[in-house]
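Novice: Submitted below is the structure of interest, expressed as structure tokens.
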Amino acid sequence: MATPFQRAAVVYFLGTLFFSPVVVGREQYKESSEELQLAAAKRFHLGECVPVHNVGKLVVASDATIFGQWNRVSDITDCVTGGASPVLSEYPKGSRVVNLWWALIYVGGIIRGDTLVSDPFEFSAAKYFDYRSTLDPTAPEYEGAISEQDWVVSTDDTVTEGTESDYFYPRRHQPLFVKLTDYSYSWSYEYAEDFILFQLDIENIGQNRIENACVAIEAWPTVGYYTGGAPGADDLGGFRSIVPEPGVCEFEDTLNLMWWADNNGDPVNGVFTDKVTRDDSSGAYFRSCPYVFGIRILSPAAEPGRQEWRKATLSYNWWMKSWVSDLDYGPRGYKNYRNFRTGGTGWPFGDGNRYDVMSAGEVDYDQAFTATIGPLNAEWLPPPPKWAEDLADGLGGFYSLSIGPFDIGPGGTLPIVFAYVAGENFHTDPRNALNLPYDPWAYYNNLDFSDLAKNAMWAEWIYDNPGVDTDGDGDSGKYRVCAFESTLVDSNWVYTRAETTWYKGDGIPDWKAAGPPPAPVFWLEPVVNGLRIRFNGQYSETTPDIFTRIVDFEGYRVYLGRDERVTSYSLMASYDRHDFDKWVWNRYSLPEPQWELLDIPFSLDSLRCLYGSGMDPCHDSAFDPLLYTPSQPYFHPVYPESAFYFVKHDFNTWELGVSTPIRKVYPDEPDPRLLPIDSLTPERYTAEGYFKYFEYDVLVEHLLATVPYWVNVTAFDFGSPKSGLWALETSKTVGAKYTYPVHPSADSVYHGKVFVYPNPYRFDAGYRELGYEGRVKEDWADDKVRAIHFANLPPRCTIEIYSLDGDLIRRIDHDMDPSDPNASHDQWNLITRNYQAVVSGLYYWAVHSPDGQTQMGKL
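Numbering-wise (numbering that gives the first Met the number 0), the sequence shown opens with residue 0 and increments by one.
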């Protein structure tokens, strides 16, 4: 009778003959992987919505056991907006540069001597979603929120129905009986927009102890510009253990980060560019992707080969997956070698093999060095000679970062915190790939990990704030002392100075990120050839900073753009408080003395009280801080070695309606913070329920009535020089709205005569080249971005387009809230109700409103 292993071997052999493609090169490998991953995506996400992080520059879906998830499954929707989410791993946002097929969470352990591993598709398909956000203090989801976009997703590993048997054993999946809850957090702040933080809580809900539990995060990267098909399989990855810290003393930071990137950043015509370019010969579209991505485990603190939290160690492994045995390859060290019994050393089929990879503590060499591992290497098994060059040159692969082992008793919970991080300007030389496969050292000299490392460190500092004694036990974390010397120019005195920098927290999670004040709520009102932008900053001007607990509001900025891309926005108006920065001369600074900003801004009144003259310095109207400059500083009369100069903080456009077009809607309204509570009667509030005192508006004129304009109003603070943070501003893109100005021929917004434009519509008019069509859709064909606009519509109506023969070509139901700034506008994409492109000719249109009125015209 055949053993389970023999039966599995027969299935494996038959699979290679009848069910698997023969892999003979890079393209065939890519296609086989794409089919496998697409099938899994359809199986797992069919008919479900997906929690998506898209508030920052890094866009990633998060689904408890899977995150990233680039795919082409059209029925996946965003759980908040309900809109389609065809690209679920993108960086930078709006670029259509994807970075992950997906990343998968594996949990393994030993229960009563049985080694078990649960993969993402063996967890329950039923998931619990919860959404929280700090964006709107008045919203229900604000309660308990940590970031601007919190997702809480939970599932469990308790089912066997619908699961597949182990590779080596005919039995069904054996559950670990754990509940997995994934908390994920993202921000739009400049220093935090390039990463997403995850906390996986693995709770033992069974009756048995899980011994030597391990957790693995396995990334399936694909980095490149997304045009509807898979980017090329040309990615590379590796492991970065330490990075140098910028500064005089050249400290090193422990990073321990798994990373991957496109092998050359996809230069276009020999340069890196973010402009979408079309290849005239092939018709394909290209865009550079000189970015790098990584995963860093933050808790428990662990390093390869060390046991800092119980017995925990990190493992980093990568491999290829193919039914062709010599390409089924992954680095295997002689020290930890295990025979997978599959004919290859790559994909760890079966619970036993998978658990061995997760728990071995092995850190593989970087993929670019594959061709340098020869048959006489004393540490590593040699790679297959046939594929070594392709592997080192960038053939894609699977990258796994694991931590363990841990013991989880019944009812116990194991928290694992990690960061998914992106970095810019990783590739510095468009020709760098020429150094591969045989000179990886020269290749690495042209890679820049600094932005990735900086973002990874910020992720750690938000999770566990350095220098903060969270639990009050007297431990504020770890710090470094950088000692250096400075020689005065006019003497031989030598001064020794030391700077102390906190770089680690106290080990107790804080989950706190310094952020700007909440953005104001705002409304758009179309006017003739313009827009009135009304906003209320009640919470912007009264919410204290999460760290300092002081209200650090500084001002507002109003942005206008022709599309939703951050690069499209232009500053239209700003307001900031009347205050000044004080720069202090530091004679001991290295490498040379310099001016330093140490304090938060000072108001004019406070500066006069500190540095004014006369019997009543606070009323010294002659004191002007801007008279003091670096070349003519202020010298303190009591401490003559103290020298200062002053500059405006921001632009000091503080005179509403005078130095800024922003004005108070209710200029005579008193500050409610200074009034008795019993005087806060209903007339103090706007119709929306906000204090009138904080109500502002700005009028933007001379706009085109036939194109949409995107608008956002942001709030910003005055920064924190002591913590190294400059002024923080809310996102230009989060919460943005768009509308069309009113055409001069319209009688009013909703009740004038309906009109159509452009009319006539000409296919040869170059609307796209003029910027009227296809913005942010450069890789769409012309016939996919055409539009005829209907303006001055009633909020509720039906638009019908007919041929001259009276045949109905298309019906559009227009049903919008009258308060929506786009309630009077809709458009037709020149596609018939039979999903065909309309032919040139003359047509009739009719607009039917609920009151029985009908307007008609020709186009």
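Every residue, glycine too, gets a C-beta built ideally from N, C-alpha and C.
Compare the Cα-Cα distances from Lys503 to each of Asp670, Phe285, Leu254 and report the closest residue.
Specialist: Ranking the options by Cα distance to Lys503, first place goes to Leu254.
Novice: Mapping DSSP to helix, strand and coil, what is Tyr328?
Specialist: Coil, per DSSP.
Novice: Looking at the strands, I want to know which residues DSSP matches up with Pro220.
Specialist: For Pro220, which the question treats as bridged, DSSP gives the partners Leu99.
Novice: Can you name, in chain order, every residue of its own chain whose Cβ lies under 6 angstroms from the Cβ of Gly560, other than the five neighbours on each side?
Specialist: Hits under 6 angstroms: Ser567, Tyr568, Trp709.
Novice: Specify the secondary structure class of Val23 as computed by DSSP and reduced to three states.
Specialist: Per-residue confidence for Val23 stands at a pLDDT of 31, beneath the threshold of 50, marking its modelled position as unreliable; the derived number appears in the next sentence. Correct three-state label for Val23: coil.
Novice: So what does Met257 bridge to, in DSSP terms?
Specialist: DSSP, once it has assigned bridges, lists Phe238, Ile294 as partnering Met257.
Novice: Roughly how many angstroms separate the alpha carbons of Leu626 and Val583, rounded to a whole number?
Specialist: C-alpha separation (whole angstroms): 15 angstroms.
Novice: Excluding the five sequence neighbours on either side, which residues of its own chain have a C-beta within less than 7 angstroms of the C-beta of Lys581, listed in chain order?
Specialist: Here the set comprises Asp598, Phe601, Phe643, Phe645.
Novice: Using the C-alpha atoms, what's the distance from Pro543 back to Tyr224?
Specialist: Rounded to whole angstroms, Tyr224 to Pro543 spans 41 angstroms at the Cα level.
Novice: Determine which residues share a DSSP beta bridge with Ile830 and list them.
Specialist: Per DSSP, Ala836.
Novice: With Val152 as the anchor, note down where its alpha helix (DSSP H) starts and where it stops.
Specialist: Taken as a continuous stretch (DSSP letters only), Val152 belongs to no alpha helix (DSSP H), being part of the beta strand (DSSP E) at 148–156.
Novice: Check Met319 in the structure and name its three-state DSSP category.
Specialist: Coil.
Novice: Is it true that the CB of Val420 sits closer than 9 angstroms to the CB of Ile294?
Specialist: Yes.
Novice: Measuring only the C-alpha atoms, how far is Gly343 from Ala232?
Specialist: Going by the C-alpha atoms only, they are around 21 angstroms apart.
Novice: From which residue to which residue does the alpha helix (DSSP H) around Leu807 run?
Specialist: It is not in any alpha helix (DSSP H) - Leu807 instead sits in the beta strand (DSSP E) that spans 807–814.
Novice: Here's a check: name, in chain order, each residue in its chain whose Cβ is nearer than 7 angstroms to the Cβ of Glu210, leaving out the five neighbours to either side.
Specialist: Counting only Cβ-Cβ distances below 7 angstroms, and skipping sequence neighbours, we find Gly108, Ile109, Asp406.
Novice: Identify which residue in Thr159, Asn335, Asn203, Asp165 has its Cα closest to the Cα of Thr180.
Specialist: Nearest option by C-alpha distance: Asn203.
Novice: Give a yes or no on whether the C-beta atoms belonging to Tyr739 and Glu694 are separated by under 9 angstroms.
Specialist: In this structure, Glu694 does not lie closer than 9 angstroms to Tyr739 by Cβ.
Novice: Would you kindly work out how many angstroms separate the C-alpha atoms of Gly506 and Tyr462, rounded to a whole number?
Specialist: Gly506 and Tyr462: Cα-Cα distance of roughly 9 angstroms.
Novice: Going by the DSSP bridge assignment, what does Asn535 pair with across the sheet?
Specialist: According to DSSP, Asn535 bridges with Val520, Glu694.
Novice: Pick helix, strand or coil for Pro525, following the three-state DSSP scheme.
Specialist: Looking at Pro525 - three-state DSSP - the assignment turns out to be strand.
Novice: On a Cα-Cα basis, can you pick out the residue from Gly851, Ala704, Cys248 that is closest to Val527?
Specialist: The shortest Cα separation from Val527 among Gly851, Ala704, Cys248 belongs to Ala704.
Novice: Have a look at Ala441 and Gln631 and give me their C-alpha separation to the nearest angstrom.
Specialist: Approximately 50 angstroms, taken between the alpha carbons.
Novice: Of the residues Ala102, Ala144, Leu134, which one's Cα is nearest the Cα of Phe120?
Specialist: If we check each option's Cα against that of Phe120, Ala102 comes out closest.
Novice: Tell me whether the beta-carbon of Glu768 lies closer than 9 angstroms to the beta-carbon of Val784.
Specialist: Not a contact, by the Cβ cut-off of 9 angstroms.
Novice: Identify whether Arg607 lies in helix, strand or coil by the three-state DSSP scheme.
Specialist: Helix, per DSSP.
Novice: Tyr442 by DSSP, collapsed to three states: which one?
Specialist: Correct three-state label for Tyr442: helix.
Novice: Return the Cβ separation of Trp386 and Tyr328 in integer angstroms, given the expectation that the two are a contact with Cβ distance under 8 angstroms.
Specialist: So it is a contact: roughly 7 angstroms between Cβ atoms.
Novice: Quick one: residues in its chain with C-beta nearer than 6 angstroms to the C-beta of Thr64, no 5 flanking neighbours on either side, listed in chain order?
Specialist: Ile104, Pro119, Phe122.
Novice: Taking Ile798 and Asp816 to be in contact with their CB atoms under 8 angstroms, please state how far apart those CB atoms are, rounded to whole angstroms.
Specialist: About 18 angstroms separates the two Cβ atoms, so there is no contact after all.
Novice: Less than 8 angstroms between the CB atoms is what I'm expecting for Asp129 and Val151, so what's the real figure, rounded?
Specialist: So it is a contact: roughly 4 angstroms between Cβ atoms.
Novice: Okay, do the segment 390–398 and the segment 310–321 touch, 3+ Cβ pairs below 8 angstroms being the bar?
Specialist: A contact exists between the segment 390–398 and the segment 310–321.
Novice: Does DSSP classify Arg131 as helix, strand or coil?
Specialist: DSSP places Arg131 in strand when its eight states are reduced to three.
Novice: On the DSSP bridge assignment, give the partners of Gly67 in chain order.
Specialist: For Gly67, which the question treats as bridged, DSSP gives the partners Ala60.
Novice: Less than 9 angstroms between the C-beta atoms of Ala458 and Leu297, yes or no?
Specialist: Going by C-beta atoms, Ala458 is nearer than 9 angstroms to Leu297.
Novice: What are the boundary residues of the alpha helix (DSSP H) that Leu451 is part of?
Specialist: Run containing Leu451: 449–462, per the alpha helix (DSSP H) assignment.
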